[in-house]
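Under the numbering used here, the first residue of the sequence shown carries the number 21, and numbering increases by one thereafter. Below is one structure, written out as structure tokens; the observations come after it.
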Amino acid sequence: MHLGLFHWLDQREVTQTIRQPYVTALSLVFVNGFRTFLVAAMGLAFIQTLWKGLRVRPMRIGDLDSFLSVLTNPLYLGQVQLVRAAPIPFLCALICWCIPIAMIFPAGALTVESKSLPVLANQSVPTFDPSFTGNGTFDGMMAQALWQPDDFDAYSGPTNKVTRIARQAIMAGHYLPATSPCDTDCSYTIDVPGPSFECRNSSSPDLFRWVNQTYPQTQSWEYLYLASADYSARTNRSQYAFDFDLRWEQDGGYQNLSCQAYEATYTFRIAYEGGQQRTTTEVQPLRPLNSSYLYDDYGVYPQTGRSPDSRINATTTGATGGNVTDINRRSNLAAIQDSLVLALSGYIDIFLLHSQPSANTIISLSDLYSGSAASPRFNISGASMQDLLQNITLSLLTMNQTSTQTTVTNTVTVNVYAFTRPARLITPYFACLGVALAFLGLGGHALVSNGISASMTGLFQTLCTTRASARLDDLAARGCLGGRENVPDALRDLKVMFGEIRGSDGARRAGLGAAEEVMPLTRGSI
Numbered sequence: 021m022h023l024g025l026f027h028w029l030d031q032r033e034v035t036q037t038i039r040q041p042y043v044t045a046l047s048l049v050f051v052n053g054f055r056t057f058l059v060a061a062m063g064l065a066f067i068q069t070l071w072k073g074l075r076v077r078p079m080r081i082g083d084l085d086s087f088l089s090v091l092t093n094p095l096y097l098g099q100v101q102l103v104r105a106a107p108i109p110f111l112c113a114l115i116c117w118c119i120p121i122a123m124i125f126p127a128g129a130l131t132v133e134s135k136s137l138p139v140l141a142n143q144s145v146p147t148f149d150p151s152f153t154g155n156g157t158f159d160g161m162m163a164q165a166l167w168q169p170d171d172f173d174a175y176s177g178p179t180n181k182v183t184r185i186a187r188q189a190i191m192a193g194h195y196l197p198a199t200s201p202c203d204t205d206c207s208y209t210i211d212v213p214g215p216s217f218e219c220r221n222s223s224s225p226d227l228f229r230w231v232n233q234t235y236p237q238t239q240s241w242e243y244l245y246l247a248s249a250d251y252s253a254r255t256n257r258s259q260y261a262f263d264f265d266l267r268w269e270q271d272g273g274y275q276n277l278s279c280q281a282y283e284a285t286y287t288f289r290i291a292y293e294g295g296q297q298r299t300t301t302e303v304q305p306l307r308p309l310n311s312s313y314l315y316d317d318y319g320v321y322p323q324t325g326r327s328p329d330s331r332i333n334a335t336t337t338g339a340t341g342g343n344v345t346d347i348n349r350r351s352n353l354a355a356i357q358d359s360l361v362l363a364l365s366g367y368i369d370i371f372l373l374h375s376q377p378s379a380n381t382i383i384s385l386s387d388l389y390s391g392s393a394a395s396p397r398f399n400i401s402g403a404s405m406q407d408l409l410q411n412i413t414l415s416l417l418t419m420n421q422t423s424t425q426t427t428v429t430n431t432v433t434v435n436v437y438a439f440t441r442p443a444r445l446i447t448p449y450f451a452c453l454g455v456a457l458a459f460l461g462l463g464g465h466a467l468v469s470n471g472i473s474a475s476m477t478g479l480f481q482t483l484c485t486t487r488a489s490a491r492l493d494d495l496a497a498r499g500c501l502g503g504r505e506n507v508p509d510a511l512r513d514l515k516v517m518f519g520e521i522r523g524s525d526g527a528r529r530a531g532l533g534a535a536e537e538v539m540p541l542t543r544g545s546i
């Protein structure tokens with residue numbers, strides 16, 4: 021029953037099953053019940069083997085008295101002479117006192133431990149949406165935009181807030197962690213539209229001219245690094261593309277890379293463990309990011325006019341014919357990739373060796389740059405550029421721009437019962453039972469041999485088994501006041517046996533008597 025209870029409770033929540041105090045109480049009932057019945061049975065075996073021994077060899081009355089008291093007082097086990105007098109009853113008594121010690125362990129086989137359980141819930145989590153229009157008005161859309169307009173309300177570049185987030189992520193070398201939306205450890209998956217890079221090992225022959233137009237060199241020094249966007253491609257009707265070209269010196273030659281921005285879907289699998297964010301990402305490029313209408317003067321203005329409360333929707337048309345919400349969506353995506361492009365654009369020339377600062381670019385503050393000022397090395401590739409853009413996109417979740425509903429797996433910590441050490445329960449039970457069965461077998465054999473059961477306590481056995489010996493009567497009479505201190509030494513040291521005694525009148529009686537006056541008792545003789 022004890023084993024069955026613990027197996028049933030294993031891995032069950034404490035609050036959903038039997039409460040812990042009651043489990044402890046039940047364990048004590050099982051243990052004490054088993055111990056009580058086992059010790060009682062061992063006591064019967066003990067007295068049977070003791071009386072069987074008295075029939076075959078003499079024993080001092082003092083030792084016999086100690087044996088009859090040993091099950092109520094364990095201090096008698098300290099009398100070493102008892103082992104020599106009757107080793108089997110002594111071991112039986114010792115086991116009786118060891119059983120309670122062994123039965124301490126079973127209750128500890130079942131423990132309570134903390135366990136993390138997943139709980140699914142539909143929950144709102146922060147996300148980024150380039151199509152977000154705020155309160156649905158034109159002013160609300162522009163207030164939430166990640167891009168800022170120029171003097172003619174055409175696309176100009178990312179807002180200062182996006183630029184700060186991007187540069188922090190670039191210099192940190194990883195995404196900026198967002199605050200957990202959960203009270204406990206949790207995980208969820210969201211799909212976020214964002215820009216991605218598709219790169220190839222080439223660059224435009226006009227790269228030097230693009231860089232020098234924006235960041236003019238005062239002297240014609242050799243470049244170590246230069247990068248610039250192809251702004252003409254953004255307004256060229258045959259292209260409408262966002263291209264970014266880089267060239268850098270490496271091992272005595274030049275390496276080239278050209279990256280084009282694509283619209284993509286990012287699948288973020290976000291997990292919070294101990295307050296720390298852990299994210300795995302999958303990127304699915306969809307199509308090249310198109311710049312049409314973004315650079316049109318007033319192209320984002322609704323044809324119906326602009327007022328503080330004018331509503332916009334998916335069919336609202338801009339002043340130059342473009343869709344207003346689509347222009348805003350693509351402008352937001354352009355702002356994200358431009359936050360990286362503008363941070364890396366510029367040049368580093370040979371004068372770097374003489375501590376001349378680089379022009380605009382912060383590449384030397386990123387993981388794309390390593391080595392000393394005298395011999396810098398660049399770790400630029402299509403994969404590293406995409407990693408930077410991915411980190412920036414993921415970092416935008418810290419803006420809490422909007423939210424989305426998704427299935428969140430909350431990790432709830434509960435207390436459960438754990439039956440992890442079954443040996444602690446099973447071993448004491450089987451060890452005690454196995455030893456007890458051995459002594460019960462000896463006790464059963466002794467009972468059959470004795471022909472009659474002996475009792476441990478009670479007055480009748482004492483009266484009936486001590487009336488046959490006149491010598492025993494005489495010595496016992498000297499201690500008639502009772503108490504161990506009044507027992508005469510002659511009686512204490514008298515060796516007795518149990519058997520047949522012939523009285524002075526010739527009568528045959530069974531009982532305890534001095535060893536020299538007792539004859540072996542055969543079954544049925546009296």
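Backbone N, C-alpha and C define an ideal beta-carbon position, used for all residues, glycine too.
In angstroms, rounded to a whole number, what distance separates the CA positions of residue 290 and residue 229?
43 Å
Stretch-stretch touch, CB-based, cutoff 8 Å, three pairs: the stretch 186–193 with the stretch 260–273
no
Can you tell me whether residue 405 is helix, strand or coil according to DSSP?
helix
Taking the Cβ atom as the reference point for each residue, do residue 140 and residue 426 lie within a distance shorter than 7 Å?
no
Residue 233 versus residue 407 - alpha carbon distance
29 Å
Would you kindly work out how many angstroms separate the C-alpha atoms of residue 410 and residue 152, rounded to a whole number?
20 Å
Where do the ends of the alpha helix (DSSP H) carrying residue 436 lie?
It is not in any alpha helix (DSSP H) - residue 436 instead sits in the beta strand (DSSP E) that spans 422–438.
Below 8 Å, how does it come out for the stretch 103–119 and the stretch 49–66: are there three or more Cβ pairs, yes or no?
yes
Run of the alpha helix (DSSP H) containing residue 288, from where it starts to where it stops
Residue 288 -> not in any alpha helix (DSSP H); beta strand (DSSP E) instead, spanning 273–293.
Please classify residue 450 as buried or exposed, where buried requires at least 16 other C-beta atoms within 10 Å of its C-beta.
exposed
Need the endpoints of the alpha helix (DSSP H) that residue 229 sits in, please.
227–234
For residue 369, report the span of its beta strand (DSSP E) as first-last.
366–369
Classify residue 461: buried if its beta carbon has 16 or more other beta carbons within 10 angstroms, exposed otherwise.
exposed
Pairing CB atoms from the stretch 42–49 with CB atoms from the stretch 81–92, are three or more of them under 8 Å?
no
When the Cα atoms are used, what is the spatial distance from residue 303 to residue 124?
60 Å
Run through the DSSP bridge pairs and tell me what residue 446 is partnered with.
Per DSSP, none; premise fails for residue 446.
For the beta strand (DSSP E) holding residue 166, just list the boundary residues, first then last.
Per DSSP, residue 166 belongs to no beta strand (DSSP E) and is neither H nor E.
Measuring alpha carbon to alpha carbon, tell me which residue in 312, 293, 273 is nearest residue 253.
312
Just checking my contact of residue 285 with residue 213 at CB under 8 Å: how many whole Å lie between their CB atoms?
6 Å
Bridge partners for residue 547 per DSSP, in chain order?
In the structure as shown, the chain begins at 21 and stops at 546. Residue 547 is therefore absent and cannot be evaluated.
CB residue 215 to CB residue 417, shorter than 7 Å?
no
Once you ignore the five residues that flank residue 315 on each side, which residues in its own chain have a CB closer than 7 Å to its CB?
174, 175, 254, 255
In whole angstroms, what is the alpha-carbon distance linking residue 197 and residue 443?
47 Å
Find out if the Cβ-Cβ distance for the pair residue 130, residue 439 is shorter than 7 Å.
yes
Under 7 Å between the Cβ atoms of residue 367 and residue 243?
yes
Classify residue 320 as helix, strand or coil using the three-state DSSP reduction.
coil
Of the choices 465, 308, 293, 333, whose alpha-carbon is the least far from that of residue 206?
293
Reduced DSSP category for residue 241 - H, G, I as helix; E, B as strand; rest coil:
coil
Among 127, 86, 122, 320, which one has its Cα closest to the Cα of residue 16?
In the structure as shown, the chain starts at 21 and stops at 546, and residue 16 therefore has no counterpart that could be examined.
Closest to residue 126 by C-alpha separation, out of 24, 386, 268, would be which residue?
24
From residue 102 to residue 435, what distance separates their C-alpha atoms?
51 Å
Spatial neighbours of residue 420 within its chain, please: C-beta separation below 7 Å, excluding the five flanking residues on both sides.
146
Classification of residue 296 by the beta-carbon crowding that lies within 10 angstroms, buried from 16 upward
exposed
By how many angstroms is the C-alpha of residue 179 removed from the C-alpha of residue 345?
18 Å
Residue 297: first and last residue of the uninterrupted beta strand (DSSP E) it sits in:
296–308
Please state whether DSSP places residue 270 in a helix, a strand or coil.
strand
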